[in-house]
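**Q**
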Amino acid sequence: MPGKRLLVLALCGEGVLVLVACSWTWFADLPLAFSAISISAALGVGILTAAGFSLLNYYLLRLAPAVLGVCSLRQMHREVFRPLFARVGVLEIAGISLAAGVGEELLFRGVLQPELGLIPASVLFGVLHIGGGRQIAFGVWAAICGGGLGILAQATGGWFAPTVAHVLYDAAALTYIRWGPGEHRQSIPR
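Residues 2 to 191 (my numbering) make up the sequence shown, in order.
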């Protein structure tokens, strides 16, 4: 799929999440906490969190033992993500990452987590990343990341730091998908 088309899909899909989040806060008269700490501190912890998630992602894709869930992530990376993002450029990666970070964090950490709690919001975040039932391991990975982003939201008092982390992690992950090495450690035979 061409990069520009992926960008348009991301902007539209994530734009819907922003509309849902804003409508929810308006109708339910909920406060939408941006950050209880300084912007520079939120940027700093967001950057550190993105670096941690990116290193863990690299470990899972390149270095971790070839156990079932890891093999599923590697297979999905090879068979789904690499072909899907094969034609994206730097600007598309930046746009997709920004759209996903803002849309998903505004809804999940800004609205759903305060309404439902950390664990339900994180599980829902993971479930919505499963994609047709074939990508259970990715849904689990997304739920774990969602939990980390949720803890970051609680620690910083808002959705800004998790958004920074999400945007930067997605940018790193998409860059790795697009230009990183193609082969991973041996997987479990089928």
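Just so it is clear, CB atoms sit at the ideal spot from N, CA and C, and this is done for glycine as well.
These numbers come from a predicted model, not from an experiment.
Would a C-beta distance cut-off of 7 Å place Glu93 and Leu12 closer than the cut-off?
**A** The residue you call residue 93 lines up with position 92 of the sequence shown. The residue you call residue 12 lines up with position 11 of the sequence shown. No.
**Q** Tell me the residue span of the alpha helix (DSSP H) that contains Leu117.
**A** For this step, residue 117 is matched to residue 116 along the sequence shown. Gln114 to Leu117 is the span of the alpha helix (DSSP H), which, as asked, contains Leu117.
**Q** Can you give me the C-alpha to C-alpha distance between Ile145 and Ser123, rounded to a whole angstrom?
**A** Numbered from 1 along the sequence shown, position 144 holds the residue referred to as residue 145. Numbered from 1 along the sequence shown, position 122 holds the residue referred to as residue 123. Computed Cα separation, rounded: 7 Å.
**Q** Ends of the alpha helix (DSSP H) at Gly104?
**A** Here residue 104 corresponds to residue number 103 of the sequence shown, with the count starting at 1. From DSSP, the alpha helix (DSSP H) with Gly104 extends over Val91 to Glu106.
**Q** Could you round the C-beta distance between Gly104 and Gly16 to whole angstroms and report it? I think they count as a contact, below 8 Å.
**A** The sequence position of residue 104 within the sequence shown is 103, counting from 1. The sequence position of residue 16 within the sequence shown is 15, counting from 1. Confirmed, about 7 Å.
**Q** Nearest CA to the CA of Val21: which residue from Gly4, Leu113 and Pro163?
**A** Taking the sequence shown and counting its residues from 1, one reaches residue 21 at position 20. The option with the nearest alpha carbon to Val21 is Leu113.
**Q** Between which two residues does the alpha helix (DSSP H) containing Gly45 stretch?
**A** Numbered from its first residue, the sequence shown carries residue 45 at position 44. Its alpha helix (DSSP H) spans residues Ile40 to Tyr59.
**Q** What is the DSSP secondary structure of Ser123, reduced to helix, strand or coil?
**A** Looking up residue 123 in the sequence shown gives position 122. Helix at Ser123.
**Q** Is it a yes or a no for the region 154–174 touching the region 40–53, going by three-plus beta-carbon pairs under 8 Å?
**A** The region 154–174 vs the region 40–53: in contact.
**Q** Going straight from the alpha carbon of Gly4 to that of Val89, what length do you get?
**A** Position 3 of the sequence shown, counting from 1, holds the residue named residue 4. Position 88 of the sequence shown, counting from 1, holds the residue named residue 89. Roughly 4 Å between the two C-alpha positions.
**Q** Alpha carbon to alpha carbon, how far is Leu62 from Leu75? Give it in angstroms, no decimals.
**A** The count along the sequence shown starts at 1 and reaches residue 75 at position 74. The count along the sequence shown starts at 1 and reaches residue 62 at position 61. Residue 75 is actually Arg in this sequence, not Leu. Cα-Cα distance, rounded: 6 Å.
**Q** How is His130 classed by DSSP in three states: helix, strand or coil?
**A** For the purposes of this step, residue 130 is taken as the residue at position 129 of the sequence shown. Coil, per DSSP.
**Q** Considering Cα atoms alone, identify which of Val91, Leu150 and Gly96 is closest to Ile120.
**A** On the sequence shown, residue 120 is found 119 positions in, with the first residue counted as 1. Closest by alpha carbon: Leu150.
**Q** Between the C-alpha atoms of Ser73 and Gly132, what's the straight-line distance to the nearest angstrom?
**A** As a working mapping, residue 73 is identified with position 72 in the sequence shown. As a working mapping, residue 132 is identified with position 131 in the sequence shown. Going from the Cα of Ser73 to the Cα of Gly132 covers about 14 Å.
**Q** Would you kindly work out how many angstroms separate the C-alpha atoms of Gly14 and Ile97, rounded to a whole number?
**A** Here residue 14 refers to the residue found at position 13 of the sequence shown. Here residue 97 refers to the residue found at position 96 of the sequence shown. Straight-line Cα distance between these residues: approximately 10 Å.
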